[in-house]
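Working notes, beginning with the structure itself.
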Amino acid sequence: MQDITGDGGVLKEVVRVGSGELVAPDASVLVKYSGYLEYMDKPFETNCYRRSSRLMKLGKEITLWGMEIGLLTMKKGELARFLFMPHYAYGALGCLPLIPPNATVLFEIALLDFLDSAESDTFFALTAGQQDTIPLQKVLKVADTERQFGNYLFRQKHFMDAKDRYKRASLILCRRLPSKGEQSQIDAAKLLVFLNLSFTYLKLEHPARALMYGEKALEIDERNAKALFRCGQACLSMSEYEKARDFLIKAQKEQPFNHDINCELKKLASFYREYMDKEKEMCCRMFAHLRLPSVEPEVKSPLQMKGKVL
100 MQDITGDGGV LKEVVRVGSG ELVAPDASVL VKYSGYLEYM DKPFETNCYR
150 RSSRLMKLGK EITLWGMEIG LLTMKKGELA RFLFMPHYAY GALGCLPLIP
200 PNATVLFEIA LLDFLDSAES DTFFALTAGQ QDTIPLQKVL KVADTERQFG
250 NYLFRQKHFM DAKDRYKRAS LILCRRLPSK GEQSQIDAAK LLVFLNLSFT
300 YLKLEHPARA LMYGEKALEI DERNAKALFR CGQACLSMSE YEKARDFLIK
350 AQKEQPFNHD INCELKKLAS FYREYMDKEK EMCCRMFAHL RLPSVEPEVK
400 SPLQMKGKVL
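In structure tokens form, the structure reads like this:
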């Protein structure tokens with residue numbers, strides 16, 4: 100094992116090599132881990148059985164010093180084993196009843212992903228006036244970091260938190276007054292954020308807001324199939340069937356073989372038929388009382404006609 104601290108306090112063995120850049124000091128990391136004591140087959144701590152992991156920020160939410168040092172040597176996709184000596188783990192006191200005093204522990208750590216939030220944290224600590232002086236490329240990077248945080252939260256089904264991250268990205272992009280050369284870069288970033296906001300508001304069951312952000316995306320790219328599709332979904336949710344049809348037909352024109360678009364059109368047709376059947380039934384009930392009773396000619400029996408001059 101490699102001595103990564105120089106004093107033998109943290110030893111590392113790479114099991115699977117990762118790719119890309121090393122984890123940044125202020126990053127938020129997504130990891131799977133298991134911790135073992137010597138001569139124990141089962142971990143005393145693990146998050147591998149959880150359905151979903153959460154992002155943890157270095158320096159704040161990771162309390163084991165050796166783990167933080169180890170993570171700074173890792174790349175995305177890497178799997179490694181670390182041996183932490185007591186002063187890099189739980190110390191002389193341990194953590195009873197699970198961890199005895201002066202315990203050396205082994206951790207297996209898989210780095211699934213990480214987001215470098217250093218520039219984003221620094222940016223949002225500035226005043227609005229100071230933010231306006233930041234170069235465009237840094238603004239775009241901050242907006243992209245916020246969008247990626249939103250994507251992670253969306254995948255975890257934390258739609259309200261995802262929406263807040265997307266809104267932060269939208270705010271800094273929309274406030275920027277671009278030069279001619281900057282407009283296309285800002286529009287490309289805004290398009291992604293608006294599409295994500297539209298989808299998130301659909302998940303939050305706010306179709307009017309979903310439609311608004313879908314239309315904002317169409318202002319940037321009027322033929323964007325995903326934006327047309329989101330607008331169609333929003334209109335369908337609001338029972339605005341004609342508008343839904345217009346958006347979905349345009350989306351289908353851009354992507355004729357898109358399964359989701361074609362399924363939504365079938366769904367629209369079904370909803371529309373059901374709607375028309377209900378309208379027809381309601382009209383029949385409304386006008387039922389206006390129908391005149393039918394009059395049939397009176398037919399007299401032979402006894403009633405007896406004695407009557409014909």
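Numbering-wise, the sequence shown is residues 100 to 409 according to the working numbering.
Built from N, CA and C at the ideal position, the CB exists for glycine as well.
Asked	Found
When the Cα of R153 is compared with those of Y251, A343, T162, which residue comes out closest?	Y251
Just to confirm, are D359 and D215 a CB contact at a threshold of 8 Å?	no
Check whether the Cβ atoms of A343 and L310 sit closer than 8 Å, and answer yes or no.	no
By DSSP, does T145 sit in helix, in strand, or in coil?	strand
Pairs of beta-carbons, one from the region 236 to 249 and one from the region 261 to 272, closer than 8 Å: are there three or more?	yes
Could you have a look at I168 and say whether DSSP puts it in helix, strand or coil?	helix
Taking A179 as the reference, give the member of P196, L205, G108 with the closest Cα.	L205
Counting C-beta neighbours from all protein chains within 10 Å, is the total for L210 16 or more, i.e. buried, or is it exposed?	buried
Give the DSSP bridge partners of S278, in chain order.	In the DSSP output, where bridge partners are listed per residue, S278 has none listed.
What is the C-beta distance between N146 and K159, in whole angstroms, given that I count them as a contact (C-beta under 8 Å)?	Wrong, their Cβ atoms sit about 17 Å apart, outside the cutoff.
Pick helix, strand or coil for Q98, following the three-state DSSP scheme.	This structure cannot speak to residue 98, because the chain is shown only from 100 to 409.
Leaving out the 5 sequence neighbours to the left and right, which residues in its chain are closer than 7 Å to F298 when beta-carbon positions are compared?	R329
In angstroms, rounded to a whole number, what distance separates the CA positions of V116 and T172?	11 Å
Which ranges does the beta strand (DSSP E) cover as unbroken runs of at least 3 residues, wholly within the region 169 to 240, from first to last along the chain?	178 to 183, 204 to 215
Give the straight-line distance between the Cα atoms of A333 and D102, rounded to the nearest whole angstrom.	56 Å
Thinking F488 and G165 are a contact (beta carbons under 8 Å), I'd like their distance in whole angstroms, please.	This structure cannot speak to residue 488, because the chain is shown only from 100 to 409.
Are F213 and S127 close, meaning C-beta to C-beta below 8 Å?	yes
Tell me whether L239 is buried or exposed, calling it buried when 16 or more other Cβ atoms sit within 10 Å of its Cβ.	buried
What would DSSP say about L402, mapped onto helix, strand or coil?	Low local confidence applies: a pLDDT of 44 at L402 is under 50, so the model's placement there is unreliable, with the coordinate-based value given in what follows. It is helical.
In three-state terms, what does DSSP make of K407?	With a pLDDT of 47 at K407, under the threshold of 50, the modelled position of this residue cannot be trusted, and the question is left open.
Looking only at its chain, what residues have a beta carbon closer than 6 Å to the beta carbon of D260, apart from the 5 residues adjacent to it on each side?	L252
Looking only at C-alpha atoms, which of T162, G228, R274, S133 sits nearest to R149?	S133
On the DSSP bridge list, what partners appear for L303?	According to DSSP, L303 bridges with nothing at all.
Using the Cα positions of Y340 and F258, report the straight-line distance between them to the nearest angstrom.	26 Å
Run through DSSP, which three-state label would G331 get?	helix
Here's a check: name, in chain order, each residue in its chain whose Cβ is nearer than 8 Å to the Cβ of I168, leaving out the five neighbours to either side.	I103, T104, V109, Y187
Tell me which residue opens and which closes the beta strand (DSSP E) that L121 is part of.	118 to 121
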